[in-house]
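What follows is a short report on a single structure.
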Amino acid sequence: MVNTVIIGAQWGDEGKGKIVDMLSAKSRVIVRFQGGNNAGHTIRVKGEETILHLIPSGILHNGTLCLIGNGVALDPAVFLGETDNLAARGIDVSPARLGVSYKTHLIMPYHKSLDKAREAKRVGRQIGTTGCGIGPCYEDKAARVGLRAGDLNNPALVREKVRYALLEKNTLLNGLYKFKPLDPEKVSSDLLALAPRLTPYLTDVDARIHEAAQNDASALFEGAQGVHLDIDHGTYPFVTSSNTVSGNAAAGSGTAPSFFTRIVGIAKAYTTRVGSGPFPTELLDDTGAYLRDKGREYGATTGRPRRCGWLDTVVLRASVRLNGFTDIAVTKLDVLQNLPVLRICVAYEYERCRIDRIPQEEGALGKVRPVYEELPGFEDDIAGCTSFDELPRSVRSYILRVEELVGVKISMISVGADRKQTIVRQTHSHDG
Ligand code: GDP
Ligand code: IMO
Ligand code: MG
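Here the sequence shown is numbered in this note's numbering, starting from 117 and rising by one per residue.
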């Protein structure tokens, strides 16, 4: 039995969906444990693209059980819309193979309004959120006034919670942000109208994971966003509102940390970021535009152009420490084709000193200068390569140098968006 956690090692969009889909072939249970539909995970199978925002990326494999854990912020309408889209394509999304924890917090209309209203008010200091209501939903969870999926079985509780929440939210929305106040009865009845479709999915997620484990079935835990968007360890305040590090795979699903046998960091061969915040290796020149263009770097959730830059191994080394990666998958290596030189950030210059870690004070990462090492580029098309040895020498040198700088084995190399375009470099010692 292998219980694997998949974590984005940078600022999101590393290709987690693709790797989760691939590893799902050997897993019985796939679990989302944090984030919400701010995530956009893309899978491509034989040219057909699927973008999932909430449903785990294992859903395309028959026989998997896909679970949404307590740590997720779930927008009920988005969840149902996603099930409808998949069902229309003949994919089984019945409660027999898809479940939502009773304890999963629900994103309410006032969360979305507050998210947007706050961003609009923060002129010049925007976080650049996805506007999905993620932050305000987690705020209510921490304030102990949130609605949870299990509440949908109890209309009186829903009405009471919504009424109480709106006492405060309407004051903010209307008084401060000049939004139209929301009617508690309408908000409650709109939500309860979805209950007959949603409640069949309610399940005891931690018990389902344990049941599967007792039958020796492997589980996969699908992280959303990336390590440096973590609410604690990321580039605060330019972060998302959940813990994205591997430690939260346990709390966000109801498993013990000792349950995990493999923790895979997913790292793009370069770096991207959507929204505001420090990004030391960002390229605002033609090379940045080349990466965006060739890598099709436009948000899977909001369509925004992603900021692009060189690979930053200072960022990756922090991710290794914060997550305990057993191995790393490098994705989108094909995108680096035809660049005359490849640069890797190996350290920073900060206050006239060379440092090899992220400075800890808020905003300090915005003041560092990257120290680069240069490696030769490559011109060959590598999208069809199926083994490490088939890759051109300069590509192999790049991978080996990154491995050396990061200190963790690179076990998978993705050379194209399709499920099949992945080089598995070694069978992981725990692979099952
Ligand atoms: P996620 O949020 O981490 O799942 O990543 P996204 O799906 O948001 O973004 C990754 C994008 O890169 C998607 O459009 C994928 O189809 C695509 N992709 C993944 N791996 C590769 C790769 O190796 N090469 C290329 N060219 N595209 C890839
Ligand atoms: P996946 O799972 C990239 C970013 C937003 C914004 C910040 C806060 O596809 O990798 P939020 O709406 O979460 O409050 O926004 O986080 N962000 C992501 N960036 N990929 C994601 O998910 C992201 N989810 C949130 O752009 O900067
Ligand atoms: Mg994404």
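Where is the CB? At the ideal position from N, CA and C, for every residue including glycine. Since the structure is predicted, the reported quantities are computational estimates derived from the model, not experimental observations.
- Counting only runs of 3+ residues, the beta strand (DSSP E) found wholly inside the stretch 455-540 occupies 457-466, 469-471, 485-492, 526-530, 538-540, in chain order.
- Here the alpha carbons of G363 and A155 stand approximately 19 Å from one another.
- When the alpha-carbon of L314 is set against those of T538, F195, C501, D472, the nearest one is in F195.
- In this structure, the alpha-carbon of G479 lies about 20 Å from that of W426.
- Rounded to whole angstroms, the Cβ separation of C182 and R213 is 6 Å, and the two are in contact under 8 Å.
- As DSSP reads the structure, N119 sits in a beta bridge with A335.
- Leaving aside the five residues that flank G262 on each side, the residues in its chain whose CB is nearer than 6 Å to its CB run, in chain order, H221, D256.
- Burial check for N290: the Cβ neighbour count within 10 Å stays below 16, so the residue is exposed.
- The stretch 227-310 is shown to contain whole alpha helix (DSSP H) runs of 4 or more residues at 250-258, 271-286, in chain order.
- In this chain, the beta strand (DSSP E) harbouring K384 covers 378-384.
- Rounded to whole angstroms, the gap between the alpha carbons of A189 and T158 is 19 Å.
- If you draw a straight line from the Cα of L268 to the Cα of G381, it is about 36 Å long.
- With a cutoff of 8 Å on beta-carbon distance, G249 and K277 are scored as not near each other.
- The set of residues with any CB-heavy atom separation to the ligand MG below 5 Å comprises, in chain order, D129, G156, A416.
- The beta carbon of G151 sits closer than 6 Å to those of A340, Q341, S358, all from its chain and outside the five residues before and after it, given in chain order.
- Of G124, R238, G215, P297, the smallest CA-CA separation from T387 is found for G124.
- According to the DSSP secondary-structure assignment, R213 is paired through a beta bridge with no residue.
- In the three-state scheme derived from DSSP, where H, G and I count as helix and E and B as strand, V188 is classed as strand.
- D443: member of the beta strand (DSSP E) spanning 443-447, first to last residue.
- Here V145 carries a strand assignment [DSSP, helix/strand/coil].
- Per DSSP, reduced to three states, the secondary structure at P421 is strand.
- When T538, G411, L139, Q126 are compared, the shortest CA-CA separation from E338 is found for L139.
- Residues S217, Y218 of the same chain have their beta carbon placed closer than 8 Å to that of D320, with the five preceding and five following residues left out of the count.
- Our two residues, G197 and I223, have alpha carbons roughly 15 Å apart in a direct line.
- Fewer than three Cβ pairs drawn from the stretch 360-380 and the stretch 399-417 lie within less than 8 Å of each other, which leaves the two stretches out of contact.
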